[in-house]
Amino acid sequence: MSENPTPSGVRRREFLKILGAGGVATAAIGCSSDRVEKLIPYLNHPDETVPMVSNYYASTCRECSAGCGVLLETRDGRTFKLEGNPDHPLNRGALCARGQAAVQGLYNPDRYRGPMMRNASGRLVPTTWDAALKLLAQKLGAVQGSGRAGSALFLNRHESGSFPAFLDEWLAAYGMPAHLSVDPLADNAVIAANRQSYGVSWPWLAFSAARLIVSIGADFLDAWGANVPQQLEFADARARLADAPRFVYVGPRRSLTGCNADQWIACRPGSELAIANALSGRGSLDDAATASDVPVATLQALKAELTGTRPPLVLSGVAAGDAMELALVVNELNKQLGAVGTTVLPDRAITSFDGIATDADVNAAIDAMRAGQVPLLMIRGANPVFTTPRYVAVADALKKVPFKVSFSSYPDETAELCDLVLPDHHAIESWGDAQPMANVISVQQPGMAPVYDTRQTADVLITLAKANPGIASKFAAPNYMRWLIDRYPGGSTAFTLALEKGVGTGAVAASPAPRRPAVTPKAATPIGQTAGDMYLVVYPSAALGDGSGANKPWLQEFPDPVTKICWQSWVEINQQTAVKLGVDTGDILRVETAQGAVEAPAYVFMGIHKDTVAIPFGLGHTAYGRYAAGIGVNPGDVLPAGFDAKSGAFAWTATKATVTKTGAYTPIVTTEGSARQHGRGIAQALTVQELADLAAGREKEKVEAMPGMPNTEYLPGLRSPMAADAQGVVSSDIKHKEQGMYSPDHWSGMAKRRWAMTVDLARCTGCQACVTACYAENNIPTVAAPYQEVHTAFLHGVAGGNILKGREMNWIRLERYWEGGEDGGDFEARFVPMLCQHCGNAPCEPVCPVYATYHSPDGLNVQVYNRCVGTRYCSNNCPYKVRYFNWFGYGEPARPQYAWPERLSWQLNPDVTVRGKGVMEKCSFCVQRIREAEHRAKAEGRAVRPDEFTTSCAQACPSRAITFGDAADNDWTVAKLALDQRGYHVFQEQLNTFPAVVYLKKVNHPAPAASAGA
Amino acid sequence: MTKRRKRVVVPGLAALAVVAVLLSAYTGATQQPDTVIKDRGSWGYSAGSSPQGRSPIQPIAFPHPTHVQTLGMNCLYCHFSANKSPDPGMPAVGTCMGCHLVIGPNRPAMNGRPARKSEGIATLQKYWAQKKPVPWVRIHHVPDYVNFAHMPHINAGVTCQTCHGQVQQMNRVYQYASLNMGWCINCHVGNVNPKWKARYDCSVCHY
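In structure tokens:
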């Protein structure tokens, strides 16, 4: 029988031989370590670096105009993490999600690799810098020669600091007019009003000094103004608990800022001015009530509260045709109520927004292009083709410009239409500075050598000037760095000192060029007079900003803080209206205006006025790389080009729209489970009264009846009998049982520690900077780019496809729960950062068949990737649902789901394993940082110092809500906070999990009448 | 509280531009598709440590005995970061040339020893002249999921020879230890030296 040939003609014996050899070969491939891996040394070792030890270069974040200070964590020549600079007066060590994601711009796989030139057949093709510069020099010469230099145009993405002055100097040398500084996110109306009222563009907003905050559409926690400093101030204000200001938000939709308010007054878009007039006594309450659809009593109460509370802080931030008028009324109101000097501080103004061109100026420039008056256009950083309404037809206007140069580093919509692309360095590769506040210079230095063959625009301009004999003498500095140092107040010594700290004192040179003459803006049609059945609100997305964040997968996978939707555009519609129209979440709506139509799925939302629909701005790119192109819709496609007549600010909220149900449906890509708590006590809150009772011990019984009450006796000792059993400390010795593994006598000495975290929900604003910080630190893959989707007969590369299947990987997520509002009235939003609770008695541990998850003696619930075989029992047994499974080989370049295409992988944190396919992963409490601190302490012969280090989420948190540390050592801040009377553990009471995360209850401030029992 | 390490004034841009980086930190999962894929088990991890006794041929036959025994150099002179970093540090070519600018390949007859030409020094100087780093072949390799740090071991008094063998006697370095986990644990439980007893739960090295 053994001699019978098999059907393939191979005899069994031979087959076994082949199999045997194959087995050996497989083993050799599978297990061999004979591969040649090189150890490449430096040629000359840079003095200040040690391999595998990070250096932190202080620099400035350029993701928005604010100019926060950052530390570039750089190791072995690569910058892989941005952290806030604690010495910086603006952001005091915090950093928002967009700032965190800057590294994904640096290593973006779709960046231009080098200069590009349009060839004879009209395609952009790679060229050399020499050829590109020669061409540009020739074009500049031609423009000068033709005498039309005065009509040339330079559009620059706004930044404060020396560059605008340098640029104007350069332009003036060529006889060109001053540049236009573009920032589509800037609230030009408020800036203009502030300038008129206070003489500064952005006074410091001291939320913590206020007793009442009234925001009329000013989304100071979203994209309005300087996000991080405002969040820090607001969180500091809320941390005053009983003394904290009550916060009332007035606006047509409840933004993230609105969700942090104690009261939301839903008004019609366009009625904000009437409300402000009524509040300030200029207009009647009845008129305001009619216009805004707000009950008179509500306005009356707000007016009474506003006049009776000192000091208040009133803000406005609408993007409508009357925005500046509104801002002036509000500024006047602040003056009347004594807010100026206490809560509005013009003396401490933020100067980052000085010099921004108004949207009307930009529009006039586009008109000039369309008229064929612009012989040469240079664009750096700005992307007007995307950020300007399609109705303006910027792309057509660009066609009338004979020669267009882009300094964009990314193939965005505008760069793709240019004739020459001279890619700029990323901010992390550049020298520069910012002037975020008077007498504060925030320096910007590169963290690493350029990733691609790019050149800093300032250096390119200097090179061009040097080649031009007429003006070479004006640009003697060899490069922009030298130019900066030469002009730095205090010279190179002061510059070097400032580099160390990240900030210096003084003022940078102002632009010598006269500003462009102001244009008369085309006033927006009042929204009430436009055609349509619903008001349309277009607002900038918190994560994507003006759309420039859309090419960064972290920000695409960043669930919107309010709706929890990612990788998708949506139309917010009120639930009552939705019922009337028969619309459910996911039904595709057609939003049509006189300018065009967009279609996007509906998101049925309590937090929007019933006559209003809202669409976030930032998606709908047609170019801009693999993560941006083709995802979502651009609401700019349906906007008219109207402006605030006084300030020239673009009116985003300027039209009504006709909303119809198309009949099509698409599932909403959301990371949300249930929007309600169903009595689970996950996000808990107290009113001010309850807090006072708690402090006085009056409400003790009631409080203890709540689920998961503090019982802080669990910390620091946190006895965990089951964890002890899992460690093999099984004995009948009752003492062992009690102590679990936290015996201070444990020989390793580690058991003295109990790593723990507190999350102050009174501070947390739900901004999700922690989420992005965690992605950055822990090599978390993004899973839902279109190319990562498994292609089936029904699904072809749908963005968000993996998230629809519940495969998101965010180790820390923000859960957002609605409280109340079932009757269509006001409601409360609560945010809870949810991460692995590192339970002392973890349900995940005993169910793992291979001990891949266990409890370490220092209190961590550890996931051991190399032990994990992927049964997912742990995840099924986790009540917090914080364990995430690698369904695909996200870390393997050859797989279609690869999450770090060249060169995003350069961002990976070398301290953290990139997990493989089929293993479970979860929050590790940044164990790599713990070990690093321990190693360093040991090397220095000391113990780890209290608060010496913290986790990535806590480091980034712009509201300082998260505190991490050793709860067993009273010198750590976390040990004190864990004992706070507001503390509670999620699910402790029901499930006996002994979590290491202590949440501190949010404190709500009900309206005065309500608390009086009216 | 937020600073984890010192901050530095001026980045070594020039140096960064000159040469690549010690590959060790970044080879992991994503840098080198060809090697990574080949080396992965079904779970996507490189399957194990490099084998004991491995002794690859190096681009320069670097004689440790000459430098350590004859000249009395300390390990830390070249592997300068072993006591302050997870990575021991490979000497920059400039470090070699600190001496070998003077000590060339052609040694004259002296002190009764005949004249000799050193291929190694000649090769080194060639690399230096071409401004190229020496492509040393890595010998010791632990999988990506192991976070081995030199610093705490050296600072605990573990000698280099404990793990690497008598390198000062090796004319061609080979892998002395097995580098498998049992070998690590054996020392961590205190079997090698009771004073070196250390934690040995998973999260000490695997994260």
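These protein sequence lines map, in sequence, to chains A and B.
Residue numbers for the first sequence follow the numbering used here, beginning at 4 and rising by one.
Residue numbers for the second sequence follow the numbering used here, beginning at 230 and rising by one.
Beta carbons: idealized from backbone N, C-alpha and C, even for Gly.
query	result
Does the region 82-92 of chain A touch the region 379-394 of chain A, meaning 3 or more C-beta pairs lie closer than 8 Å?	no
Would you decide whether residue 681 of chain A is buried or exposed? Buried here means 16 or more other CB atoms lie within 10 Å of its CB.	exposed
Grab me the residues of residue 912 of chain A's own chain with a C-beta within less than 8 Å of its C-beta, minus the 5 sequence neighbours each way, in chain order.	83, 84, 779, 780, 781, 782 and 931
So with CB distances below 8 Å, who are the chain A contacts of residue 362 of chain B?	43, 44, 45 and 46
Assuming residue 202 of chain A and residue 254 of chain A form a contact by the criterion Cβ under 8 Å, report the distance between their Cβ atoms to the nearest whole angstrom.	With a Cβ gap of about 28 Å, residue 202 of chain A and residue 254 of chain A do not count as contacting.
Span of the alpha helix (DSSP H) holding residue 329 of chain B?	322-329
Residue 247 of chain A and residue 3 of chain A - do their beta-carbons sit closer together than 7 Å?	The first residue shown for chain A is 4 and the last is 1017, placing residue 3 of chain A beyond what the model contains.
On the DSSP bridge assignment, give the partners of residue 596 of chain A in chain order.	A:599
Going along the region 972-988 of chain A in order, which residues come within less than 9 Å of chain B, judged by CB to CB distance?	976
Buried or exposed: which applies to residue 1000 of chain A, given that a residue is buried once 16 or more other Cβ atoms fall within 10 Å of its Cβ?	buried
List the endpoints of the continuous alpha helix (DSSP H) containing residue 830 of chain A.	No alpha helix (DSSP H) contains residue 830 of chain A, which is instead part of the beta strand (DSSP E) from 830-837.
Mind checking which residues open and close the beta strand (DSSP E) that includes residue 507 of chain A?	506-508
Would residue 942 of chain A pass as an interface residue toward chain B - the criterion being a Cβ-Cβ separation below 7 Å?	yes
Any idea if residue 502 of chain A is buried or exposed, counting beta-carbon neighbours within 10 angstroms, 16 or more meaning buried?	buried
Across which residues does DSSP place residue 624 of chain A in a beta bridge pair?	A:632
Mind reading off the beta-carbon distance from residue 308 of chain A to residue 215 of chain A? Whole number of angstroms is fine, and I expect it under 8 Å.	6 Å
So with Cβ pairs under 7 Å, would you call residue 923 of chain A a contact of chain B?	no
At which residues does the beta strand (DSSP E) containing residue 267 of chain A begin and terminate?	266-269
With a threshold of 16 other CB atoms inside 10 Å of the CB of residue 332 of chain B, please say whether the residue is buried or exposed.	exposed
Do residue 614 of chain A and residue 538 of chain A have their C-beta atoms closer together than 7 Å?	yes
I'd like to know if the region 127-142 of chain A and the region 461-478 of chain A are in contact, where contact means that at least 3 CB-CB pairs between them fall below 8 Å.	yes
Looking at the C-beta of residue 27 of chain A, does it have a partner C-beta in chain B at a distance below 7 Å?	In this prediction, residue 27 of chain A scores a pLDDT of 36, lower than 50, which makes its location untrustworthy; no coordinate-derived value is stated.
How about residue 1063 of chain A and residue 956 of chain A: are their beta carbons less than 7 Å apart?	Nothing about residue 1063 of chain A can be reported from this structure: the residues present for chain A run from 4 to 1017 only.
Determine the DSSP secondary structure at residue 861 of chain A, reduced to helix, strand or coil.	coil
Could you say which of A:667, A:388 and A:618 lies nearest to residue 659 of chain A if we only look at CA atoms?	A:618
Flag residue 307 of chain B as yes if its beta-carbon sits less than 7 Å from any beta-carbon of chain E, otherwise no.	Annotation note: the requested chain E is absent from the structure, which comprises protein chains A and B.
When you compare the CB positions of residue 184 of chain A and residue 70 of chain A, do they come within less than 7 Å of one another, or not?	no
Going along the chain, which residues of its own chain have a beta-carbon closer than 6 Å to the beta-carbon of residue 879 of chain A, five neighbours each way excluded?	none
Report back the beta-carbon spacing between residue 379 of chain B and residue 427 of chain B to the nearest angstrom; my notes put them in contact at under 8 Å.	Not confirmed; about 14 Å, so no contact.
With DSSP as the reference, please indicate the residues paired to residue 293 of chain A in a beta bridge.	DSSP output for residue 293 of chain A lists no bridge partner at all.
Is it the case that the Cβ atoms of residue 522 of chain A and residue 594 of chain A are separated by a distance below 7 Å?	no
Taking Cβ-Cβ distances shorter than 8 Å, what residues in chain A pair up with residue 321 of chain B?	44, 45, 46, 47 and 48
Could you check which residue in A:991, A:995, A:1011 and A:987 has the C-alpha nearest to that of residue 1005 of chain A?	A:987
Comparing the C-beta of residue 339 of chain B with each C-beta of chain A, is any distance below 7 Å?	no
Report back the beta-carbon spacing between residue 866 of chain A and residue 927 of chain A to the nearest angstrom; my notes put them in contact at under 8 Å.	7 Å
So residue 466 of chain A is in the alpha helix (DSSP H); what residue range does that whole segment cover?	460-469
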